[in-house]
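Residue numbers (full-length UniProt numbering): 1 to 230.
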């Protein structure tokens, strides 16, 4: 039994891992595609004034809709034609902690994503013999954190969407989730998934398939009697 273990570890030491091709490993491609897509969605969610909509006003036209984001408030209609933005709403922007936190965390998410992509680009270069797996894992951690930074304020705002105060919010209004919440969820999840798959490459698993590797034994082992053993 001890000899079997010794032969196993000897075989592992004599085994060379080689890349199947110079193509960038699939997990790195997956992460590098999802992360920019998530960044674009989060950017749209951050700047667009549509985290929630207010409808059914008593003192306005029946098709009037007020769209509220974390930077701006706009008056539009059900057809989607924006009439006027930059509506004053000090109650909404100053009295709701979730709006202030969302501003900081969404901006932080965008910045961290760019940093993560900047770290990842030199790590996944396909013209190198091997990607820089540790560097790409660090990039994956940054992308994962950027996704979490986006999901937290989106989830918080969505959870208390009916309790967010505003000078335009009166009893009887129809409060609905805006498209920015949906885009923020999707963008954050994209970045989290992209970060996770890039971190997976830090260790070799699944027979080296996660790194695009295959085994190539360098030398056959010899038994104690001198005969070759495969």
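Just so you know, even glycine gets a beta-carbon here, dropped at the ideal spot from N, CA and C. Values in this document were obtained by computation on a predicted structure and should not be read as measured data.
For residue i, three-class secondary structure by DSSP
| i | result |
| --- | --- |
| residue 103 | helix |
| residue 64 | strand |
| residue 73 | strand |
| residue 173 | coil |
| residue 149 | helix |
| residue 53 | strand |
Distance between residue j and residue i (C-alpha atoms, nearest Å)
| i | j | result |
| --- | --- | --- |
| residue 58 | residue 141 | 49 Å |
| residue 50 | residue 182 | 10 Å |
| residue 166 | residue 185 | 24 Å |
| residue 195 | residue 54 | 36 Å |
| residue 192 | residue 146 | 8 Å |
| residue 63 | residue 120 | 47 Å |
| residue 85 | residue 135 | 44 Å |
| residue 243 | residue 52 | Past the edges of the chain, shown from 1 to 230, lies residue 243, and the structure says nothing about it. |
| residue 67 | residue 78 | 11 Å |
| residue 148 | residue 44 | 17 Å |
| residue 153 | residue 106 | 8 Å |
| residue 156 | residue 133 | 35 Å |
With 16 other Cβ atoms within 10 Å as the buried cut-off, status of residue i
| i | result |
| --- | --- |
| residue 88 | exposed |
| residue 207 | Legend: pLDDT at residue 207 = 42, less than 50; position of this residue unreliable, no value from coordinates given. |
| residue 201 | buried |
| residue 171 | exposed |
| residue 97 | exposed |
| residue 205 | Note that residue 205 scores 45 on pLDDT, short of 50, meaning its location in the model is unreliable; the coordinates nonetheless yield the value given after this. Exposed. |
| residue 33 | exposed |
| residue 104 | exposed |
| residue 118 | exposed |
| residue 61 | exposed |
| residue 76 | buried |
Residue i vs residue j beta-carbon contact at 9 Å
| i | j | result |
| --- | --- | --- |
| residue 46 | residue 70 | yes |
| residue 177 | residue 169 | no |
| residue 150 | residue 31 | no |
| residue 42 | residue 110 | yes |
| residue 122 | residue 25 | no |
| residue 231 | residue 187 | Nothing in the structure corresponds to residue 231, since the chain is present only between 1 and 230. |
| residue 29 | residue 124 | yes |
Short CB-CB distance (under 9 Å) between residue i and chain B
| i | result |
| --- | --- |
| residue 172 | Absent here is chain B; the protein component of the structure consists of one chain. |
Whole-Å CB distance - residue i paired with residue j, under 8 Å assumed
| i | j | result |
| --- | --- | --- |
| residue 93 | residue 99 | 6 Å |
| residue 180 | residue 35 | Actually they do not touch by this definition, with Cβ atoms about 20 Å apart. |
| residue 190 | residue 74 | Residue 190 to residue 74, Cβ: 27 Å. No contact. |
| residue 39 | residue 91 | No, residue 39 and residue 91 are not in contact; Cβ-Cβ is about 32 Å, not under 8 Å. |
| residue 65 | residue 137 | In fact, because the Cβ distance is near 45 Å, the residues do not count as touching under 8 Å. |
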